[in-house]
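Residue numbers (the numbering used here): 2 to 51.
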């Protein structure tokens, strides 16, 4: 039991880190994508209001 707890927390921390990294990269990508799209033509991709 005491040996399984640290591994569990390590796994949870890694999962949270992965999700946060994915979310932030997604947000930056969508921002950049929307900016480039807006330059070319007004598109209905402004669902993301950041």
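Idealized CB from N, CA, C, for every residue including glycine.
Through-space distance from residue j to residue i, alpha-carbon basis
i, j, result
"residue 17", "residue 38", "31 Å"
"residue 10", "residue 28", "27 Å"
"residue 13", "residue 26", "20 Å"
"residue 15", "residue 36", "32 Å"
"residue 7", "residue 32", "37 Å"
"residue 20", "residue 30", "15 Å"
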